Amino acid sequence: MLTRKTYLIILTTIMALLVFLIFRVENWQLWCLIVMIASLWGTSKDAKQISWLRFMPAGLLTLLIFYVIYKYANPFWFQVVAWQTESMHHTFNWNEWFNSIPGNAPWMFQLWQPEWLTTYMQSVYVYGFTLTYWLCIIRAFFTKDVKKFGRYALAGYLLQVPLILPFYNLIFLQEVWYVQGTPDLLERGLTPAEAFNVTINCFPSMHTSIAFAAVLLAMRERSKWYRWVVGLFGISIMISTLYLNIHWIIDMFAGMLFAYGCVKLADWIVNRKAFDRFTNYFEGFGAKLEQKLIKDNPVTPNKDFSA
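Just so you know, we're using the numbering used here here: the sequence shown kicks off at 11 and counts up by one.
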């Protein structure tokens, strides 16, 4: 049988490997790691008083599932876009309408675009879409709070993808720069066919919805530092969609409203008695595994240990 120390070392090693694999999916840059570390500062203020040995087994299994979803989500999304292009006949085409609405195109964000700021906005837009979600998920993991873990996962991604697809399947709306015939400020080097395909699915802005959901949930945390980190980063992502002339102003506000709805739905799910039972099973799994594998200081039902 294992000692508590050996068991914890094994679990910690698995956790480090998972975080490394998460970073490797899209080859996040050094600044992404810095933001991630910054978001973990002050985690203890929001942590649940439960031992790592009780939380980690089910927590790592959940993190593994999220990693697998993340790893294969991007190819799946491109398959969805390809299917939309070949098979969908959108009910609404909003290109001309959105372009005709005064103040809907974010022209005011192109008035001052120094090179350093454009580079920053490009990086934030490219990496921020997934990084925002993972900032919250990994921090929720370190709080050892199952409900927080579930709320961030549901509101930040798991609810958003299925609920946003009906909008994208019904509404044909392309990115501002494509509709107005201006250069692609992301400098993606797209062919005409590629540009047509990747610029659909604008309403609502999912970059905005994922970022704003993170901001809404971050504002509930005790750590002021975390609220500032996620708040500023999330707002940067939302602004980048306008600065780079990608989303329309209405897209952004629609994304914020959509995020608010997903957060409220996540709250409703997590506050159900069924989720309380899931939380007990989640934590109980770690306790039972600890009792079976560790030879010293076995866990009793009414006692918890800090690790």
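Where a beta carbon is used, it is the ideal one built from N, C-alpha and C, also for glycine. All figures in this text were calculated on a predicted structure; none of them were measured in a lab.
My guess is that residue i and residue j are in contact by the Cβ rule of under 8 angstroms, so how many angstroms apart are they, rounded?
{"i": "Tyr17", "j": "Leu73", "result": "Their Cβ separation, rounded to whole angstroms, is 18 angstroms, which puts Tyr17 and Leu73 out of contact at 8 angstroms."}
{"i": "Phe255", "j": "Leu195", "result": "In the sequence under discussion, the amino acid at residue 255 is Asn, which differs from the Phe named in the question. 6 angstroms between Cβ atoms; contact."}
{"i": "Phe263", "j": "Lys157", "result": "Actually they do not touch by this definition, with Cβ atoms about 29 angstroms apart."}
{"i": "Ile147", "j": "Phe222", "result": "Not a contact, Cβ separation roughly 16 angstroms."}
{"i": "Ser97", "j": "Val239", "result": "With a Cβ gap of about 42 angstroms, Ser97 and Val239 do not count as contacting."}
{"i": "Ala327", "j": "Gly296", "result": "Missing from the structure shown is residue 327; the chain here goes from 11 to 317 and no further."}
{"i": "Val273", "j": "Leu141", "result": "The Cβ separation is near 19 angstroms, so there is no contact."}
{"i": "Leu28", "j": "Leu303", "result": "Their Cβ separation, rounded to whole angstroms, is 20 angstroms, which puts Leu28 and Leu303 out of contact at 8 angstroms."}
{"i": "Trp258", "j": "Ala115", "result": "6 angstroms"}
{"i": "Thr153", "j": "Ala57", "result": "5 angstroms"}
{"i": "Tyr80", "j": "Ile32", "result": "7 angstroms"}
{"i": "Ala165", "j": "Ala276", "result": "4 angstroms"}
{"i": "Leu70", "j": "Leu21", "result": "7 angstroms"}
{"i": "Arg232", "j": "Lys55", "result": "4 angstroms"}
{"i": "Tyr167", "j": "Tyr137", "result": "Actually they are not in contact, since the Cβ atoms of Tyr167 and Tyr137 sit about 16 angstroms apart, beyond 8 angstroms."}
For residue i and chain D, any beta-carbon pair shorter than 8 angstroms?
{"i": "Leu145", "result": "Within the model displayed, chain D is absent; a lone protein chain is all it includes."}
Name the two residues that bound the continuous alpha helix (DSSP H) containing residue i.
{"i": "Pro193", "result": "Here Pro193 belongs to no alpha helix (DSSP H), and DSSP marks it neither H nor E."}
{"i": "Gln2", "result": "The question about residue 2 has no answer here: the residues shown for the chain are numbered 11 through 317."}
{"i": "Lys274", "result": "Ile259 to Val280"}
{"i": "Gln132", "result": "Glu125 to Thr153"}
{"i": "Val119", "result": "Val is not the amino acid found at residue 119; the sequence shown has Phe there. Unbroken run through Phe119: none, as it is neither H nor E."}
{"i": "Ile47", "result": "Leu40 to Leu50"}
{"i": "Lys55", "result": "Lys55 -> no alpha helix (DSSP H), and no H or E assigned at all."}
{"i": "Arg161", "result": "Val156 to Ala163"}
What does a CB cutoff of less than 8 angstroms around residue i pick up in its chain, not counting 5 residues either side in sequence?
{"i": "Phe182", "result": "His100, Phe102, Asn103, Trp104, Asn105 and Ile210"}
{"i": "Val134", "result": "Phe243, Ser246, Ile247 and Ser250"}
{"i": "Ile293", "result": "Per the sequence shown, residue 293 should be read as Glu rather than Ile. Result list for Glu293: Ile60, Arg64, Phe65, Ala68 and Val156, in chain order."}
{"i": "Arg237", "result": "Ala228, Met229 and Glu231"}
For residue i, which residues in the same chain have their Cβ closer than 7 angstroms to its Cβ, ignoring the five residues on either side in sequence?
{"i": "Tyr5", "result": "Past the edges of the chain, shown from 11 to 317, lies residue 5, and the structure says nothing about it."}
{"i": "Ser316", "result": "Any reading at Ser316 must be qualified, since the residue scores a pLDDT of 40, below 50, and its modelled position is unreliable; the value itself is stated next. Closer than 7 angstroms at the Cβ level, and outside the excluded window around Ser316, lie Ser61."}
{"i": "Met131", "result": "Ser250, Tyr253 and Leu254"}
{"i": "Gln184", "result": "Asn105, Thr209, Ile210 and Cys212"}
{"i": "Ala163", "result": "Phe76 and Ile147"}
Opposite residue i in the DSSP bridges: which residues?
{"i": "Asn103", "result": "Phe182"}
{"i": "Leu12", "result": "Ile304"}
Might you give, ordered along the chain, the residues of its own chain that have their beta carbon closer than 6 angstroms to the beta carbon of residue i, omitting 5 neighbours on each side?
{"i": "Phe268", "result": "Pro214 and Ser219"}
{"i": "Ile111", "result": "none"}
{"i": "Ile19", "result": "none"}
{"i": "Thr310", "result": "Because Thr310 carries a pLDDT of 47, less than 50, the predicted location of this residue cannot be relied on, and the following value inherits that uncertainty. Excluding residues within five positions, none has a Cβ falling inside 6 angstroms."}
{"i": "Arg230", "result": "none"}
Any chance you could list the alpha helix (DSSP H) runs of at least 4 consecutive residues sitting entirely within the segment 200-233, in chain order?
-> 202-208 and 216-228
Residue ranges of each alpha helix (DSSP H) run of no fewer than 4 residues wholly in the segment 62-93, ordered along the chain?
-> DSSP runs (the alpha helix (DSSP H)) wholly in the segment 62-93: none.
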